[in-house]
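Just so you know, we're using this note's numbering here: the sequence shown kicks off at 3 and counts up by one.
To start, the structure itself, in C-alpha cells.
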Amino acid sequence: MAKARATKLALLGGRPVGAVEQPTFPYYTPRAYRRVAQIMREGRVLGFSRGVPEVREAEHALSRYHGGRHVLTTGSGHASLQMSLAGLNIAEGDEVITTPYSYGASTSCILHQNAIPIFADVNRDTGLIDPKQIEARITRRTRAILLVHVYGHPADMTAIMRLAKRHDLVVVEDCSQAHGATWKGKLAGNFGDAAGFSCMGGKQLAATEAGYMVTPDKDVYWRACVNSQHLGRDVDAGFPDELRPIVDSLVYTYRVTTIDAMLLAEQLKKLGREIEARRNNIARLHKLLADSKYVAWPRHSPHGRGSYYMWSMNFRAKRAGIHRDTFLKAVQAEGLMMNNCIASPINTWPRLQWRTYRGPRTTWHGNLRRAKVVYREADVPNCRHIVDHGVQSLFRFFKPAHATMHRIADIIYKVEENIDALRTYERSQTGGD
Ligand SMILES: Cc1ncc(COP(=O)(O)O)c(C=O)c1O
C-alpha cells in the first residue's frame, strides 16, 4: 500500500491505484424477481388503490416501519414531496422555506404547487439547513419549512420542530437521501407533518422509479390521495365523505405501479441490514482516513445517525494549495469516481431568475413575478462555501467491503502525498509560474 502511494500520480502519467467498483445496484432478491414475473404474467400492473394487494402490502409494511403513520406510495420522490405539500394545503402564494443545497426536486415540488420557495442558508460544514437562517426568513406569508436530510444525514429536527411550533408552520421532510437515518433515535420522516421519500433505483430503498409520502395526519393522507391519482382512492376504506364531491380525474398521475409497490415491500425487508453495512463501511473508511491532511469529514451532530446515500467530505483547498477540482481530477485518474455533486446554490439557477429568464414557459414563473421574490447568491454564503469545497461519492456499499475501503483510502493518501506535484501541475494548467 505504502508503495502505491509513493508512485507517480496517474494524472501525471503514473499507474493508477485501480478502479473503485460500486456493487451492482439495486440488488433485488430472487423472490423479488419471481414476483415481477408473476405480476407481469397476470397482467396486473396498475396500482390504483389499497384494493390492489401489492399496494396494500407496501403501504402497510412502510406504515409499520414508520410507527403506524399513514403512507401513500407514489411514482417518484418528487411526487411524494409535491403531494406532501398538497396534503398540507400549501398552494398559490404560500412561502415555503427550504434549502439551496439539494437536488432540484426539493424546490420544484414547491414551484409545482404554485408556492414560493424561500432559501435559507446551510451549515457550511455539513450542508444541512441552518435553523437560525430559517428563522431569519420567516414572514407573515410563510406557511411551511421543507428541509432536506442531504446525503443521508439528518437535519437538526429538535430545533426545526421547535421553530415550527413557535411560528405555527408545518414541516415537510425530504428524506429522499435518508432512508433509515435517525435523529435522537427517531427515524427520519417521523418528525414532520409530512415527509417524502424517493425510491428511484439509486436510493437506499430502491425500487425502479417510485417514492412514498408519510404523514401522521389522515386528512393530509386523503387530500394527497385525491390530488395524486385518478379517483383518489375513493374505493378504499375510510375515504372521507366530505371529499367525495370533488373526486375526479383533474389530478396528477402520480400512482405507483404494482411492480414498484411489490419491490418497495421486498426491498424494505433488507433495508436495515444494508444500512448497517453502509455505516460499518463508512466507519472503517473514517478510521483509515484519520491521518488525511487535506480532506475533512463534516462535523455532524452526535444526535444524528446517517444512512450514507453518499459519502461527503470537505476539501481543504487553502491548506493543500490547490483547487478542489484539481484534487478531484487526480482522484478520478486513480480510479475513484468522486465529484462535487451540487454544483451551485439552487437560488442561483438561471430558471429561477424570473426577471432575465427567456426559456420555455413554465407554470410557475408568473407566481415568482407576482411575489417579486429576489434570489441572490449573497444570501447563502455558506452554501457557496460547501459548493466550492465539498467532495462526494456515491456510496452503494450495502455489504461489507473492506478491501474497497482500503483502496479508497489508498487513493486519497496517494494524491495527498503527491500534493507538491499537483501544485506544479495546477500552475502549468493555469499558465502561472
Ligand atoms: C434530495 C432529493 N429530493 C428529491 C428527489 C426526487 O426524487 P425522484 O427522482 O424519485 O423524483 C431526489 C432524487 O433524486 C433527491 O435526492
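The beta-carbon is built from N, C-alpha and C at its ideal position, and this holds for glycine as well.
Note that the structure is predicted; figures quoted are calculated from it, not measured.
Checklist line | Closest by C-alpha distance to SER200, when choosing among ARG168, LEU266, TYR415 and ILE118 | finding: LEU266
For ALA60, I'd like the list of residues in its chain whose CB is within less than 6 Å of its CB, leaving aside the five on either flank, ordered along the chain.
-> THR75, ALA263, LEU266 and ALA267
query = DSSP state of THR217, grouped into three classes?
reply = strand
* Compute every distance between the C-beta of GLN179 and the non-hydrogen atoms of ligand 1, then say whether any falls below 7 Å. => yes
Could you compute how far the alpha carbon of HIS169 sits from the alpha carbon of SER108?
A straight-line Cα-Cα distance of about 22 Å links HIS169 and SER108.
*Taking the C-alpha atoms as reference points, what is the distance between ARG143 and ILE421?*
51 Å
Inset, instruction - Using alpha carbons as the reference points, say which of ASP123, VAL152 and ALA285 lies closest to ILE140. - result: ASP123
Check: Could you give the uninterrupted runs of the alpha helix (DSSP H) lying entirely in the region 12-95, keeping only those of 4 residues or more?
Finding: 32-44, 55-67 and 79-89
Which stretch, first to last residue, makes up the alpha helix (DSSP H) that contains GLU379? From DSSP, GLU379 is part of no alpha helix (DSSP H); its letter is neither H nor E.
* Asked: Based on the DSSP output, what are the partners of LEU165 in its beta bridges?
  -> Looking at the DSSP assignment, LEU165 forms no beta bridge with any residue, so it has no partner.
task = Thinking TYR254 and ALA81 are a contact (beta carbons under 8 Å), I'd like their distance in whole angstroms, please.
result = About 7 Å; that satisfies the 8 Å criterion.
**Request:** Please report the Cβ distance between TRP185 and MET159, rounded to the nearest whole angstrom; I am assuming they are in contact, meaning their Cβ atoms lie under 8 Å.
**Result:** 4 Å
For this session: Using only the heavy atoms of ligand 1, determine whether one of them is closer than 7 Å to the beta carbon of ASP262.
Result: no
Checklist line | C-beta contact flag for ASN341 and GLN394 at 8 Å | finding: yes
Under the three-state DSSP convention, the category GLN394 falls into: Strand at GLN394.
Taking the alpha-carbon of THR328 as reference, which of HIS62, TYR427 and THR217 has the nearest alpha-carbon? TYR427
Item to check | Three-way DSSP call (helix, strand, coil) for ALA197 in this model | outcome: In the structure shown, ALA197 sits in a strand (DSSP, three-state: E or B).
For VAL333, the first and last residue of its enclosing beta strand (DSSP E): Element bounds for VAL333: not the beta strand (DSSP E) but the alpha helix (DSSP H), 326-336.
Outcome for SER430 when other beta-carbon atoms lying within 10 angstroms are tallied against a minimum of 16
exposed
Checklist entry - Mind checking MET42: buried by the 16 CB within 10 Å criterion, or exposed? => result When all chains shown are included, MET42 counts as exposed.
- prompt: Near ARG126, which residues of its chain fall below 6 Å by C-beta distance, leaving aside the five closest residues on each side in sequence?
  reply: A distance below 6 Å between beta-carbons, with the five flanking residues on each side excluded, links ARG126 to the following residues of its chain, in chain order: ASN384, HIS387 and ILE388.
Could you give the distance in angstroms between the alpha-carbon of GLY234 and the alpha-carbon of GLY361? 34 Å
Nearest by alpha-carbon distance to TYR377: which of ALA292, ARG353, THR364 and ARG363 is it? ARG353
What span of residues does the alpha helix (DSSP H) with THR264 cover, start to end?
Correcting the residue type first, residue 264 is Met in the shown sequence and not Thr. Unbroken alpha helix (DSSP H) run through MET264: 260-290.
- Pick from ALA8, GLN24 and ILE99: whose alpha carbon is nearest that of ARG17? ALA8
_N- and C-terminal bounds of the alpha helix (DSSP H) containing ILE410_ = 404-419
Consider the C-beta atom of ALA60 and the heavy atoms of ligand 1; say whether any pair is separated by less than 7 Å.
no
**OP:** Mind checking which residues open and close the beta strand (DSSP E) that includes ARG145?
**Re:** 144-150
Check your understanding: Does GLN206 have its Cβ less than 8 Å from a Cβ in chain B?
Key -> The question asks about chain B, but that chain is absent: this structure has only one protein chain.
DSSP three-state label for MET3, please.
The predicted position of MET3 is uncertain, since its pLDDT is 48 and thus under 50; no value can be drawn from it.
Problem - Residues near ARG398 by beta carbon distance below 7 Å, same chain, minus five either side - result: GLN24, PRO25 and PHE27
(message) With H, G and I counted as helix, E and B as strand and the rest as coil, what does DSSP make of ASN349?
(response) helix
Exercise. Could you check the C-alpha separation between ASP435 and LEU165 for me, to the nearest Å?
Key: Only weak support exists for where ASP435 lies, its pLDDT of 48 falling under 50; the value from the coordinates is given anyway. Their backbone Cα atoms lie some 52 Å apart in a straight line.
Taking C-alpha atoms, which residue in ILE414, VAL152, PRO304 and ILE248 lies nearest to VAL333? Between VAL333 and the set ILE414, VAL152, PRO304 and ILE248, the nearest pair of CA atoms involves ILE414.
Taking the alpha carbon of TYR311 as the reference point, which residue from THR100, ASN349 and HIS151 has its own alpha carbon closest?
Restricting attention to THR100, ASN349 and HIS151, the CA atom closest to the CA of TYR311 is found in HIS151.
- Expected contact under 8 Å - CB spacing of LEU130 and ALA157 to nearest Å: Yes, they are in contact, since the Cβ atoms of LEU130 and ALA157 sit about 5 Å apart, within 8 Å.
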